[in-house]
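Single-structure report; data block below.
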Amino acid sequence: MEDGRASFREIARRTSLTTPTVSSRVTRMLKAGLIQKFVPVLAQDSVQKGVIAFAVLKVDSDPEKVAGRLAEMSEVEGVYLTTGQNEITLKIAVGTVQSLHSFLRENAKEMNGVSLVSTQIITRVVKNSLPSLFPGPLTIDLRCDYCRGEVASLRPYNLMAGSSRYYFCCKTCRAAYLGKYGARLAKIKGTRRE
Ligand SMILES: [Zn+2]
450 MEDGRASFRE IARRTSLTTP TVSSRVTRML KAGLIQKFVP VLAQDSVQKG VIAFAVLKVD
510 SDPEKVAGRL AEMSEVEGVY LTTGQNEITL KIAVGTVQSL HSFLRENAKE MNGVSLVSTQ
570 IITRVVKNSL PSLFPGPLTI DLRCDYCRGE VASLRPYNLM AGSSRYYFCC KTCRAAYLGK
630 YGARLAKIKG TRRE
């Protein structure tokens, strides 16, 4: 988490594991989709010109589905389902205030049953930790999205739907999940099994 460019040997030294162990664990985490990619973290203030805003949307029904559609848009950096009933918070990055307004008008608001509750433009970033920097040691508890049982396999059964990934402990659970939610998932672009 601190240094994505650290060598396997360096990570092994710090964690008192062997280099091959670190290497195979990282490979497994990549294959399982737990590590999605390694990227540089830019200083947003100095690198990213433009407008970053939070927008709260209220949806009439099925916030998960609306959130999935919003997640596909390149202007949307973050999509959060929150405790507010049927509310979705978006983090949006665009070039200008004008394009923020047209984005909200044209995309978010035109969706059926979606209304804009509020918009806040960020004026200064005081702190912006990576969401993945958990306080304390990182433990991975992978649960089957159908039966909630532990996913013990090194290569769990996956299901991709848009930017969401589902994990299953076995083929049967994945088939059962598809039986239950398949019609809904089929409407999301980029649904595939792995
Ligand atoms: Zn299962």
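Numbering (this note's numbering), first residue to last: 450 to 643.
Ideal Cβ positions, reconstructed from N, Cα and C, are used throughout, including at glycine.
Report, in whole angstroms, the separation of the C-beta atoms of residue i and residue j, which I expect to be a contact under 8 Å.
i, j, result
"I501", "I571", "5 Å"
"L608", "R642", "6 Å"
"E524", "F552", "5 Å"
"G631", "C618", "Not quite, the Cβ-Cβ distance comes to about 18 Å (not below 8 Å), so this is no contact."
For residue i and residue j, what's the separation of their Cα atoms in angstroms?
i, j, result
"V471", "V563", "46 Å"
"S456", "K480", "19 Å"
"K514", "P489", "30 Å"
"Q569", "A542", "12 Å"
"V566", "R518", "18 Å"
"R463", "N577", "26 Å"
"I537", "S510", "11 Å"
"D594", "G544", "38 Å"
"S581", "E451", "Annotation note: pLDDT 49 at S581 (below 50); position unreliable, no value reported."
"K620", "R633", "19 Å"
"L627", "E521", "21 Å"
"T467", "R474", "11 Å"
"A601", "A625", "18 Å"
"G482", "E555", "33 Å"
"G453", "F487", "6 Å"
"V546", "A635", "35 Å"
"P512", "K540", "16 Å"
"A461", "P469", "9 Å"
"V505", "G611", "21 Å"
"C596", "Y616", "10 Å"
"T532", "S613", "20 Å"
"L528", "T476", "Correcting the residue type first, residue 528 is Val in the shown sequence and not Leu. Those two C-alpha atoms are separated by around 28 Å."
"V575", "F503", "15 Å"
"S508", "Q485", "Residue identity check: residue 508 is Val in the sequence provided, not Ser. Cα-Cα distance, rounded: 29 Å."
"M560", "E459", "49 Å"
"G499", "L549", "10 Å"
"L530", "K629", "22 Å"
"R573", "Q534", "29 Å"
"P605", "S465", "27 Å"
"R623", "A516", "22 Å"
I'd like to confirm the pairing. Which residues does DSSP put opposite residue i in its beta bridges?
i, result
"I501", "A542"
"S613", "A610"
"V508", "V563"
"L599", "For clarity, residue 599 is Glu in the given sequence; the question names Leu instead. In the DSSP output, where bridge partners are listed per residue, E599 has R592."
"R642", "L608"
Within 7 Å: the Cβ of residue i and any heavy atom of ligand 3?
i, result
"G453", "Absence of ligand 3 from the depicted structure is noted, with ligand 1 being the only ligands included."
Would you mind listing the beta strand (DSSP E) stretches within the region 518-597 that are 3+ residues and don't spill past its ends, in chain order? DSSP runs (the beta strand (DSSP E)) wholly in the region 518-597: 525-530, 536-543, 563-570.
So if I measure from each beta-carbon to every heavy atom of ligand 1 and keep distances below 5 Å, which residues remain? Going along the chain, the residues that qualify are C593, Y595, C596, G598, C618, C622.
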